[in-house]
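Visitor:
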Amino acid sequence: MKSRTNMASATTTTPSGEGLPGGTRWILLIGVFLISFSMLAFEITLSRLLSVLILYHYVFAIVSLALLGLGLGGIFVYLFRPRIPEPEKRFGTLALLASFISLAIPLSVILMVQIGYLDSALNSILFYCILLFFPFFFTGILLAEVFRTFPEISARVYGADLVGAALGSLGIILFLDAFGAVNTSFFLGVAAAVAALLFASKLLKRISWRTALPAASFIIAAVLFITNISGAYLSDIPIIAKNPNKDIHRALYEKSSPAQIIETRWSAFGRTDLVEYTEYPAQMEIYLDGTATAPMYQFNGNLENPDTAVQDLKTMFSGYFPFYFLAEEEKDNALIIGPGGGRDVLLTLMGGVGEVTAVEVNRDVVDMVREYGEYNGGIFTDFPGVKVIVDEGRNFLKRQADRYDIIMLSLPVTQTSRSLEGYSLTENFLFTTESIHDYLDQLTDEGRLMVVTHDDFTAWRLLSISLASLEQRGLSNTDALKQIYMLGLSSGEHVYPFFVLKKTPFTPEEALTRHEKMVELGYEPTLAYFPYIEGEGAVNPTVQVLASGELSFNEIKKMARGMGMDLSTATDNSPFFYKIDVGLPQPVSLVFWLSF
56 MKSRTNMASA TTTTPSGEGL PGGTRWILLI GVFLISFSML AFEITLSRLL
106 SVLILYHYVF AIVSLALLGL GLGGIFVYLF RPRIPEPEKR FGTLALLASF
156 ISLAIPLSVI LMVQIGYLDS ALNSILFYCI LLFFPFFFTG ILLAEVFRTF
206 PEISARVYGA DLVGAALGSL GIILFLDAFG AVNTSFFLGV AAAVAALLFA
256 SKLLKRISWR TALPAASFII AAVLFITNIS GAYLSDIPII AKNPNKDIHR
306 ALYEKSSPAQ IIETRWSAFG RTDLVEYTEY PAQMEIYLDG TATAPMYQFN
356 GNLENPDTAV QDLKTMFSGY FPFYFLAEEE KDNALIIGPG GGRDVLLTLM
406 GGVGEVTAVE VNRDVVDMVR EYGEYNGGIF TDFPGVKVIV DEGRNFLKRQ
456 ADRYDIIMLS LPVTQTSRSL EGYSLTENFL FTTESIHDYL DQLTDEGRLM
506 VVTHDDFTAW RLLSISLASL EQRGLSNTDA LKQIYMLGLS SGEHVYPFFV
556 LKKTPFTPEE ALTRHEKMVE LGYEPTLAYF PYIEGEGAVN PTVQVLASGE
606 LSFNEIKKMA RGMGMDLSTA TDNSPFFYKI DVGLPQPVSL VFWLSF
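Residue 508 in our numbering sits at position 453 of the sequence shown, with consecutive numbering throughout.
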């Protein structure tokens, strides 16, 4: 904001705002506060709204281009308004600009939502940029006008600007939780309209369109907010209906079984949708921003004789595999990070685990599963051994004094060919070399880390950070791989790779028992690895050679790099676990070069 102050006040030669009455000064400062509050909150709201409509790479680009409007607004004042307005017109100009802002915020959101209904929302990126440019452009003009017109109180104006921005960035969390992204945008239009009314209050002696417009903008913004919050106008936004790169598009429009969204929730965390399938009532799916899927199963509450879909998890879902072999002392308790719709909780209960602690970061998911307890058998509410906590998984883990026999995670499952790219530059501190240390430290001596991964790449990436972490503990790759087994190393809708890291080495007998069960269940041996198992076609040949010491993981990284895949180690300083491509991901590279 300071750069705009210097630029806009460069043409000022006299302190034209000197001698402002106290009441007038407060009106000015409160107006600036409301504008800054609205625009900072609107910027954050846009990031949530655009994450639903398009891929996240473009969210940053669009918001950045929109913020360019702030600077261009100041430049506009410098180039095209060299003269300071006459005293009787100063607040009229501010009222006019604040009115434009109050109308531009809801109008841009309405038009942006309508763009989402086009055949390809991704082809409308330019329109998003143009629409979102104007609210910030008018804000840049208004702030530049204030700073150059009232330079003698610029410090107070700057303070009001900063306080408004700070409270906007904090308060938006409450508004998003209460109203959702669309309604919050309309509310922010009302806040900007209040600023316009405050500025116009200094013009009451001269009734004109400059005083009428703020009143009209307030009425329009208020009507939009009130009618929309009651569901009478824009009650929903297109949940990526025209964007095939979102997983929910596949569920709603590409599967043979008809599907529909039966519940939607908005919060600062994002948009959470519950989808049901008409011809497959045994399973529902929960989506966050139309991407990662968390299944919720129909369950009768009877662990001894569950519904067919739940029973089939034992043989058809890789996540149940370790429970075939756990002794009683190896399953006293379990920590599940990211239980989603409760599938992992079902697995641990059917596997005979005594106490289950499930930590989910998204409160909307937890509330949704609890409210559908009649459908899912009360998996989060009716089992005394299950405790569900809303928290960030790794932070929760590091605060615990307890040790766990099992720490279980399931990576986000995406079902479109490009959707995993959406996580490329997402910081994920659950899967870094340091996080592996944390998991191992919180395991009992007989404990193990168990992870369901999305595809073979994420399984290899998990192996990479695990070997790096164990190497920091003094273990060579050969020794480390005696504590690890993997199966299902392929990408498929029904078979997901599974990774197990035990705190202590497996014995040859344990490895052989697991290998035999894997073959019995129909998994492909060459897409699996178990320690001590040798022979052509018995396990994955690459991992087998790695375990023998004939090949280093650095050589595997080089081979992967030659195929355009990045298997470098993810750390807390570089926590980009899902980054697949060598270098910048292609969509980010495109945005980078276009920025020039």
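Here a beta-carbon is modelled for each residue, glycine too, at the ideal position from N, C-alpha and C.
#1: Using the C-alpha atoms, what's the distance from V416 back to D500?
#2: Out of G592, V594 and H509, state which residue places its alpha-carbon closest to the alpha-carbon of A347.
#3: How many angstroms separate the CA atom of V87 from the CA atom of G235?
#4: Check whether the Cβ atoms of L536 and P586 sit closer than 8 Å, and answer yes or no.
#5: Under 8 Å between the Cβ atoms of L606 and A615?
#6: Do you know offhand how far E334's Cα is from K310's?
#7: Suppose you measure from the CA of T68 to the CA of E207; what does that come to, to the nearest Å?
#8: Given a cut-off of 8 Å, decide if I227 and I99 are closer than it, judged by their beta-carbon atoms.
#9: Counting along the chain, where does the alpha helix (DSSP H) carrying T533 start and finish?
#10: Using the beta-carbon count (16 or more within 10 Å), is E340 buried or exposed?
#11: Please state the DSSP three-state secondary structure of A413.
#12: If you run the structure through DSSP and keep just helix, strand and coil, what is D493?
#13: Compare the Cα-Cα distances from I85 to each of A389, V218, R265 and I165 and report the closest residue.
#14: Is I160 closer than 8 Å to V247 when the C-beta atoms are compared?
#15: Pull up the distance between the alpha-carbon of V400 and that of S322, whole angstroms please.
#16: What does DSSP give as the partner residues of E383 in its beta bridges?
#17: Per DSSP, what kind of secondary structure is Y633 in: helix, strand or coil?
#18: Taking a contact to mean a Cβ-Cβ separation below 8 Å, would you say L252 touches T239 in this structure?
#19: Output the distance between the C-alpha atoms of L670 and V441, rounded to the nearest integer angstrom.
#20: For S465, which three-state DSSP category applies?
#21: Under 8 Å by Cβ, that's how I've got A514 and M541 pegged, so tell me the actual separation to the nearest angstrom.
#22: Work out the CA separation of A121 and V114 for me, nearest whole Å.
#23: At what residue ranges does the region 186-254 contain a whole run of the alpha helix (DSSP H), taking only runs of 4 or more?
#24: Do three or more CB pairs link the region 599-613 to the region 486-504 at distances below 8 Å?
#25: Using the Cα positions of E575 and T370, report the straight-line distance between them to the nearest angstrom.
#26: Using the DSSP secondary-structure output, state which residues sit across from F553 in a beta bridge.
#27: Count the other CB atoms, across all protein chains shown, that sit within 10 Å of the CB of L181; report buried if there are 16 or more and exposed otherwise.
#28: Within 8 Å, do at least three Cβ pairs link the region 429-444 to the region 342-356?
#29: What is the DSSP secondary structure of Q366, reduced to helix, strand or coil?
#30: Could you pull out every residue in the same chain whose Cβ sits closer than 6 Å to the Cβ of I434, ignoring the five residues on either side in sequence?
#31: Kindly confirm or deny that the region 188-208 and the region 126-145 touch, where touching means at least three C-beta pairs closer than 8 Å.
#32: Here's a check: name, in chain order, each residue in its chain whose Cβ is nearer than 6 Å to the Cβ of K257, leaving out the five neighbours to either side.
#33: I'd like to confirm the pairing. Which residues does DSSP put opposite E331 in its beta bridges?
#34: M618 and F512 - do their beta-carbons sit closer together than 8 Å?
#35: With DSSP as the reference, please indicate the residues paired to T626 in a beta bridge.
#36: Would you give the residue range spanned by the alpha helix (DSSP H) that I444 belongs to?
Guide: Based on what the coordinates show:
#1: 28 Å
#2: H509
#3: 25 Å
#4: yes
#5: no
#6: 11 Å
#7: Note that T68 has pLDDT 41, beneath the 50 cutoff, so the model's placement of it is unreliable and no number is given.
#8: yes
#9: N532 to A535
#10: buried
#11: strand
#12: helix
#13: V218
#14: The sequence given here has Ala at residue 247, not Val. The answer is yes: Cβ separation under 8 Å.
#15: 24 Å
#16: None, per the DSSP bridge assignment.
#17: coil
#18: no
#19: Absent from the model: residue 670. The displayed extent of the chain is 56 to 651, so no value can be given.
#20: strand
#21: 6 Å
#22: 11 Å
#23: 209-234
#24: no
#25: 10 Å
#26: V507 and L542
#27: exposed
#28: yes
#29: helix
#30: G397 and V400
#31: yes
#32: F146
#33: Q315 and M339
#34: no
#35: S629
#36: No alpha helix (DSSP H) holds I444; the beta strand (DSSP E) holding it covers V441 to V445.
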